[in-house]
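Residue 253 in full-length UniProt numbering sits at position 253 of the sequence shown; the count goes up by one each step and never skips.
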Amino acid sequence: MASVPSLASSLHQRIADALSAALPEAGAADPLLRRSDRADFQANGMLALAKKLGGNPRELAGKVVEGLPAGELIKEVEVSGPGFLNITIADEAITKTLAARAADERLGAPLAEHPGTTVIDWAQPNVAKEMHVGHLRNSVIGNAVVRILEFTGEKVISRHHIGDWGTQFGMLIQYLIEHPHELDHKAEGEVSGEEAMSNLNRLYKASRALFDADEEFKARARRRVVDLQAGDEETLALWQRFVDESKIYFYSVFDKLDVEIRDEDIVGESGYNDMLAETCRMLEESGVAVRSEGALCVFFDDVKGPDGNPVPLIVQKSDGGFGYAATDLSAIRDRVFNLKADTLLYVVDVRQSLHFKMVFETARRAGWLTDDVKAVQLGFGTVLGKDGKPFKTREGETVRLVDLLDEAIDRASAIVREKAQDLTEEEIAERGAQVGIGAVKYADLSTSAARDYKFDLDQMVSLNGDTSVYLQYAFARIQSILRKAGEAAPVAHPELALAPAERALGLHLDQFAATVAEAAGEFAPHKLAGYLYQLASLYTTFYDQCPVLKAEEEAQVENRLFLCDLTARTLRQGMELLGIRTPERL
1 MASVPSLASS
11 LHQRIADALS
21 AALPEAGAAD
31 PLLRRSDRAD
41 FQANGMLALA
51 KKLGGNPREL
61 AGKVVEGLPA
71 GELIKEVEVS
81 GPGFLNITIA
91 DEAITKTLAA
101 RAADERLGAP
111 LAEHPGTTVI
121 DWAQPNVAKE
131 MHVGHLRNSV
141 IGNAVVRILE
151 FTGEKVISRH
161 HIGDWGTQFG
171 MLIQYLIEHP
181 HELDHKAEGE
191 VSGEEAMSNL
201 NRLYKASRAL
211 FDADEEFKAR
221 ARRRVVDLQA
231 GDEETLALWQ
241 RFVDESKIYF
251 YSVFDKLDVE
261 IRDEDIVGES
271 GYNDMLAETC
281 RMLEESGVAV
291 RSEGALCVFF
301 DDVKGPDGNP
311 VPLIVQKSDG
321 GFGYAATDLS
331 AIRDRVFNLK
341 ADTLLYVVDV
351 RQSLHFKMVF
361 ETARRAGWLT
371 DDVKAVQLGF
381 GTVLGKDGKP
391 FKTREGETVR
401 LVDLLDEAID
411 RASAIVREKA
421 QDLTEEEIAE
431 RGAQVGIGAV
441 KYADLSTSAA
451 RDYKFDLDQM
461 VSLNGDTSVY
471 LQYAFARIQS
481 ILRKAGEAAP
491 VAHPELALAP
501 AERALGLHLD
511 QFAATVAEAA
521 GEFAPHKLAG
531 YLYQLASLYT
541 TFYDQCPVLK
551 AEEEAQVENR
561 LFLCDLTART
571 LRQGMELLGI
581 RTPERL
């Protein structure tokens, strides 16, 4: 089905046409239309235009009003102040537009006219290391951005750039060779993520202790790094065991977080090994990188250290080893030339901004990033504790991600149990997980990614305020009303006058498609989260002020059920784009 033009876009077009007719010399003028507290919309474009062309803005506004076509869209227009237009939309137009949205499974949201290919780098755990609170945001934000972009028709390729390479693997592999049963599983059958992680943790601690205490083991471990980098078969096979064991653990955590990670999208640092030498050669031959004290470096005029000397991007170290930059630059080559991306998106901690700024600039100088390809770091802030400091345990340790999620699920399950009227224990556990994980995701996504946010579970699982629990309960409440409606069905009745709370809800429902487009264009899930919270708030007001099943006449019951149903569908679709479940009963 074709997309449904919003009331705002229809109104914008009519005023723009009337403005051009009243003032042909202005060309295609923007009426500067926005939502208003005084009326439904306000158009301010006459002020700037009259000023620019030396006319009277109030007179121009009057001419525009005269030129507006009579019809069912506009109920009344008032010229106010120095030349604003205050516009009230007709009730009939609101209901008809919403009916068109309801008839479309996409709720009137169009597919992009010219979709491209976005490669998004998100969810980047490290092999043989536990996932902690620092891995939360790139997983949650990345997943939401993928969903929003795919909904708009973009081709999205995920890349999980896991840390699966480096000198520590020499130590781990050598220890496993000398203690061959350390990664064995206790029993046949499926291995839990906890067991896999405890194996890896035990082995990591033991190998680290031996590495620090025994010089001969240290020498053997370092030789093993050389074997790994040279592609020795036995060494690679043991390295693969660490990767596989880690994946059992990763997948268990992502499963709890309700985030889908596909195996083919995991391309770790090791995935670019074969490209590193060529990347360095290309940079050096083109003059983009130069040798400095034996290292291959790229210099920038605007990047200097505290001493005033230039700080380079080191692509290859003086000992011949490759740094992160070599891997990141090789990944850009792969994503642009093999995956044919026109947008590269990196969901990475804002503290890595300088590194990515230098990497992107290097890739531009090398000609790998052109005007046709944009590279964007979607930098995110830090997760803070209630005290406003980086989130740690009482002992000052980094918080394990799985502990955080378990606590959120426990808190949410207690709330669901308290509220539940006809749910079984199994249903309470299922809803508790959906509410708890939703609470964690929403707290993250309702904040602009670049800002730090406080991890406060009491606030996150609150039934009041800007939380996913509030949205989930609004959705469940609507489902309850629809179940109780019996024979009455949701039907739009454009002929009915709307109460103020119905109008406010209807006008907001109409903004869904525009909000999704904005969230996609700016990689800004928080804009969608803000829209959904406002939708649930407006619904609450409507529910309080407008009886649904006890409305006076049948047509009004049907029309209000229609508003309920469209609100529920919009909440569900919006929450799904954020990666949050909407249980039918709570």
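Where a beta carbon is used, it is the ideal one built from N, C-alpha and C, also for glycine.
Could you check how far apart the C-beta atoms of Lys63 and Ala22 are, in whole angstroms? I think they sit under 8 Å. Numbered from its first residue, the sequence shown carries residue 63 at position 63. Numbered from its first residue, the sequence shown carries residue 22 at position 22. Confirmed, about 4 Å.
Extract the residue ranges of the alpha helix (DSSP H) inside the UniProt domain "Arginyl tRNA synthetase N-terminal" (9-89), only unbroken runs of 4 or more that lie entirely within it. 45-53 and 57-67
Considering only the alpha carbon of each residue, which of Leu236, Phe254 and Trp122 lies closest to Ser270? Here residue 270 is taken as the residue at index 270 of the sequence shown, counted from 1. Ranking the options by Cα distance to Ser270, first place goes to Leu236.
So for Asp91, helix, strand or coil by DSSP? Numbered from its first residue, the sequence shown carries residue 91 at position 91. The three-state secondary structure of Asp91, taken from DSSP, is helix.
Given a cut-off of 8 Å, decide if Ile89 and Ile74 are closer than it, judged by their beta-carbon atoms. As a first step, residue 74 is located in the sequence shown; it is residue number 74 there, counting from the start. As a first step, residue 89 is located in the sequence shown; it is residue number 89 there, counting from the start. A contact, by the Cβ cut-off of 8 Å.
Would you mind sorting Lys186 into buried or exposed? The rule is 16 or more other CB atoms within 10 Å of its CB. Against the sequence shown, residue 186 aligns to sequence position 186. A residue is called buried once 16 or more other Cβ atoms fall within 10 Å of its Cβ, and Lys186, having fewer, is exposed.
In the DSSP output, what is Leu313 paired with across the bridge? Your numbering for residue 313 matches position 313 in the sequence shown. DSSP output for Leu313 lists Val298 as bridge partner(s).
Given a cut-off of 8 Å, decide if Leu378 and Leu401 are closer than it, judged by their beta-carbon atoms. Your numbering for residue 401 matches position 401 in the sequence shown. Your numbering for residue 378 matches position 378 in the sequence shown. Contact flag unset, no.
Is it true that the region 497-516 meets the region 530-546, where meeting means three or more beta-carbon pairs spaced less than 8 Å apart? yes
Taking the continuous beta strand (DSSP E) assigned at Tyr175, which residues delimit it? Along the sequence shown, one-based indexing puts residue 175 at 175. First-last for Tyr175: Gln168 to Glu178, but that is the alpha helix (DSSP H), not the beta strand (DSSP E).
By how many angstroms is the C-alpha of Gly108 removed from the C-alpha of Ala29? What you label residue 29 is simply residue 29 of the sequence shown in a count that begins at 1. What you label residue 108 is simply residue 108 of the sequence shown in a count that begins at 1. Using only the alpha carbons, I get a separation of about 27 Å.
Are any of the Cβ atoms in chain C nearer than 8 Å to that of Glu285? In the structure shown, chain C cannot be found, because there is only a single protein chain.
Alpha carbon to alpha carbon, how far is Glu178 from Ala517? Indexing the sequence shown from 1 puts residue 178 at position 178. Indexing the sequence shown from 1 puts residue 517 at position 517. When rounded, the distance between both Cα atoms is 56 Å.
Is Phe337 buried or exposed, if buried means 16 or more other CB atoms sit within 10 Å of its CB? Along the sequence shown, one-based indexing puts residue 337 at 337. Under a 10 Å Cβ-count criterion, Phe337 is classified as exposed, with fewer than 16 other Cβ atoms of the shown protein chains found around its own Cβ.
Let me check you understand the geometry: is the CB of Asp104 closer than 7 Å to at least one non-hydrogen atom of the ligand SAM? No copy of the ligand SAM occurs in the structure displayed, which carries no ligand at all.
Which same chain residues, not among the five before or five after Trp368, have their C-beta less than 7 Å away from its C-beta? The count along the sequence shown starts at 1 and reaches residue 368 at position 368. Result list for Trp368: Ile332, Arg333 and Val336, in chain order.
Considering only residues of the same chain and omitting the five flanking positions on each side of Leu329, which have a CB-CB separation below 8 Å? Here residue 329 is taken as the residue at index 329 of the sequence shown, counted from 1. Closer than 8 Å at the Cβ level, and outside the excluded window around Leu329, lie Thr279, Leu283, Val315, Val359, Thr362, Ala363, Ala366 and Trp368.
Check each candidate in Gly321, Phe211, Arg569 and Val350 and name the one with the smallest Cα separation from Asn173. As a position in the sequence shown, residue 173 is number 173, starting the count at 1. Per the sequence shown, residue 173 should be read as Ile rather than Asn. That would be Phe211, whose Cα lies nearest to the Cα of Ile173.
Beta-carbon proximity check, Gly54 vs Val259, cutoff 8 Å: The residue you call residue 54 lines up with position 54 of the sequence shown. The residue you call residue 259 lines up with position 259 of the sequence shown. Contact flag unset, no.
Is Asp349 helix, strand or coil when you go by DSSP? Mapped onto the sequence shown, residue 349 falls at position 349. Correct three-state label for Asp349: strand.
Is it right to say Thr541 is buried, meaning 16 or more other beta carbons lie within 10 angstroms of its own, or is it exposed? By one-based count along the sequence shown, residue 541 stands at place 541. Flag for Thr541 reads exposed.
For Val399, name the three-state secondary structure that DSSP assigns. The sequence position of residue 399 within the sequence shown is 399, counting from 1. Of the three classes helix, strand and coil, the one that applies to Val399 here is coil, per DSSP.
Name the DSSP beta bridge partners of Pro390, please? Counting from 1 along the sequence shown, the entry for residue 390 is found at position 390. Note: Pro390 sits in a beta bridge opposite Leu384.
The beta strand (DSSP E) spanning Arg291 covers which residue range? In the sequence shown, the residue the question calls residue 291 occupies position 291. Secondary structure note for Arg291: its beta strand (DSSP E) is the uninterrupted segment Val290 to Ser292.
Below 8 Å, how does it come out for the region 97-108 and the region 1-19: are there three or more Cβ pairs, yes or no? Yes: at least three Cβ pairs fall under 8 Å.
Just verifying my parser: in three-state terms, what is the DSSP assignment at Phe455? Residue numbering aside, residue 455 sits at position 455 when the sequence shown is read from its first letter. It is coil, neither helix nor strand.
Throw me the rounded Cβ distance for the Arg581 and Gly438 pair, which I believe falls under 8 Å. In the sequence shown, counting from the first residue as 1, residue 581 sits at position 581. In the sequence shown, counting from the first residue as 1, residue 438 sits at position 438. Right, the Cβ-Cβ distance comes to about 6 Å (below 8 Å), so this counts as a contact.
Could you name the residues of the same chain whose beta carbon sits closer than 7 Å to that of Ala305, not counting the 5 residues immediately before and after it, in chain order? Here the question's residue 305 lines up with position 305 in the sequence shown. Per the sequence shown, residue 305 should be read as Gly rather than Ala. For Gly305, the CB contacts under 7 Å within the same chain, skipping 5 residues up- and downstream, are Val311 in chain order.
Using the beta-carbon count (16 or more within 10 Å), is Arg281 buried or exposed? Within the sequence shown, residue 281 is the residue found at index 281, counting from 1. With fewer than 16 other Cβ atoms inside 10 Å of its own Cβ, Arg281 counts as exposed.
Helix, strand or coil: how does DSSP classify Leu378 here? Stepping through the sequence shown from its first residue, residue 378 is reached at position 378. Three-state result, Leu378: coil.
Using only CA atoms, which one of Ile162, Glu190 and His355 lies nearest to Val298? On the sequence shown, position 298 is the one that residue 298 refers to. Cα-wise, what sits closest to Val298 is His355.
CA-to-CA distance, Gly83 to Asn44, given in whole angstroms: For the purposes of this step, residue 44 is taken as residue 44 along the sequence shown, with counting starting at 1. For the purposes of this step, residue 83 is taken as residue 83 along the sequence shown, with counting starting at 1. Those two C-alpha atoms are separated by around 7 Å.
Tell me the residue span of the alpha helix (DSSP H) that contains Arg147. Taking the first residue of the sequence shown as position 1, residue 147 is located at position 147. Unbroken alpha helix (DSSP H) run through Arg147: Leu136 to Phe151.
Is Leu7 helix, strand or coil by DSSP? The residue you call residue 7 lines up with position 7 of the sequence shown. Helix.
Using the C-alpha atoms, what's the distance from Asn201 back to Lys247? As a working note, residue 247 is residue 247 in the sequence shown. As a working note, residue 201 is residue 201 in the sequence shown. Between Lys247 and Asn201, the C-alpha separation is close to 14 Å.
Distance, Cα to Cα, Thr382 vs Glu195? As a first step, residue 382 is located in the sequence shown; it is residue number 382 there, counting from the start. As a first step, residue 195 is located in the sequence shown; it is residue number 195 there, counting from the start. Put simply, the backbone Cα of Thr382 is about 29 Å away from that of Glu195.
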